[in-house]
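2 protein chains.
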Amino acid sequence: MDVNQLFGYALAVAPSGLTDRSRERIALRFRALGEPTRLKILERLFRSPASVSEILEATGGTQANVSKHLAILRSGGLVRRRKEGNRTVYWIADPSLEHLCAVVCDAVGREAQEEAQALTPAATRRRVRGGAGVRAG
Amino acid sequence: MDVNQLFGYALAVAPSGLTDRSRERIALRFRALGEPTRLKILERLFRSPASVSEILEATGGTQANVSKHLAILRSGGLVRRRKEGNRTVYWIADPSLEHLCAVVCDAVGREAQEEAQALTPAATRRRVRGGAGVRAG
DNA sequence: TGACCATATAACTATTTAGTTATATAGTCA
DNA sequence: TGACTATATAACTAAATAGTTATATGGTCA
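Chains as they are written, first to last, in numbering that gives the first Met the number 0: chain D, 0 to 136; chain C, 0 to 136.
Set out below in structure tokens:
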């Protein structure tokens, strides 16, 4: 996938800027991603679809709370679910999501590394995680 | 940029899952994106760096409110600023951000389109925005 | 210097949200 | 059927957040 092509498309969808409505939708989705417990849930679901109990094992916390977070992820369109007998199985709705998380993960990781370097005496810098061959931008 | 390579990198950074610390950082960034006014601000800054007054022109609202949102974007690491005499000029800190927004924009746009089709009589579907050649996943 | 910009921040209110406990819903299995 | 399991939801509290008005900070220009 080509980045500029993609953004070109996004602009083409809204040549004179986004509508309030779609901006609200986009914000909703980002907000759904803006909570550590929900990120933990998604990390689990990136591995494979999972029932609530399985998710609960991965995240800890109370069942009620995880259930609520799942509802939020669902209303943000990030996960879907189906009933399977007694259980409810959730999965990642949108394949672009993993990509999305990776981009932020990468950016945050890079910045953390830069900060670490700024705090690290120059002499030791070459020993700090050398392999950052992947760039997001 | 290759998606799988990118996510591979993200996983490599945290082979046994993210730390609480970095998950919190990532959430902070997503949360900063989870508000329509802030998205509006970013839309303006994607065009070019801009002073607060210029941003204000693009977004509307009060100066105090925009200033507060800029502070939030800044603390999330999404924008930077420099003083220029009387003014403060803000710009997008991270080139991956535009990409990020494009991915979500695209996903939301695609879903909206699917919903629209679901609500549209079959006979008219072929007339609905045909060109969706770009895919996010 | 003083009047005037541009921007940031403080103090406040109303709303939203995460987390809790208790309970409701609905499937399974004896 | 009744006990049990899995999940969702309601009601509540505490904390976070968006927006407001008023004010502080710091540059510019006469």
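Note that CB positions come from ideal geometry on N, CA and C, so glycine has one too. Bear in mind that the values here come from a model prediction, so they are computed numbers and not experimental data.
Count the other CB atoms within 10 Å of the CB of residue i; is the residue buried (16 or more) or exposed (fewer)?
i: E106 of chain D; result: Before going further, note that residue 106 of chain D is Ala rather than Glu in the sequence given. Buried is the call here.
i: S95 of chain C; result: buried
i: L81 of chain D; result: It should be noted that the sequence gives Arg, not Leu, for residue 81 of chain D. Looking at its Cβ environment, which holds fewer than 16 other Cβ atoms inside 10 Å, R81 of chain D is exposed.
i: D19 of chain C; result: exposed
i: G33 of chain D; result: buried
i: R134 of chain C; result: Confidence at R134 of chain C is low in this model, with a pLDDT of 35, below 50, so its placement is unreliable and no value can be given for it.
i: P14 of chain D; result: Here P14 of chain D scores only 44 on pLDDT, less than 50, and its place in the model should not be relied on; the value that follows carries that caveat. Exposed, because fewer than 16 other Cβ atoms sit within 10 Å of the Cβ of P14 of chain D.
Would you please state the rounded distance, in angstroms, between the beta carbons of residue i and residue j? I believe it to be under 8 angstroms.
i: R28 of chain D; j: G60 of chain D; result: Contact doesn't hold; Cβ gap of about 23 angstroms is too wide.
i: R37 of chain C; j: I71 of chain C; result: 7 angstroms
i: V103 of chain C; j: I91 of chain C; result: That belief does not hold up - the Cβ atoms of V103 of chain C and I91 of chain C are roughly 16 angstroms apart, past 8 angstroms.
i: P35 of chain D; j: A26 of chain C; result: 5 angstroms
What is the rounded straight-line gap between the Cα of residue i and the Cα of residue j?
i: E97 of chain C; j: R109 of chain C; result: 18 angstroms
i: A57 of chain C; j: S50 of chain D; result: 45 angstroms
i: I40 of chain C; j: S52 of chain C; result: 11 angstroms
i: D93 of chain C; j: L69 of chain C; result: 15 angstroms
i: Q62 of chain D; j: R86 of chain D; result: 13 angstroms
i: G139 of chain C; j: E83 of chain C; result: In this structure chain C extends from 0 to 136, so residue 139 of chain C is not present and cannot be described.
i: V65 of chain C; j: L55 of chain C; result: 7 angstroms
i: R73 of chain C; j: R30 of chain C; result: 12 angstroms
i: Y89 of chain C; j: K67 of chain C; result: 13 angstroms
i: L99 of chain C; j: L99 of chain D; result: 6 angstroms
i: Q112 of chain C; j: S21 of chain D; result: 12 angstroms
Give the list of continuous beta strand (DSSP E) stretches no shorter than 3 residues that lie fully inside the region 60 to 86 of chain C.
Listed in chain order, they are 78 to 83.
Cβ pair count under 8 angstroms reaching 3, the region 40 to 54 of chain C against the region 113 to 120 of chain D:
Taking 8 angstroms as the limit for Cβ pairs, the verdict is that the region 113 to 120 of chain D does not touch the region 40 to 54 of chain C.
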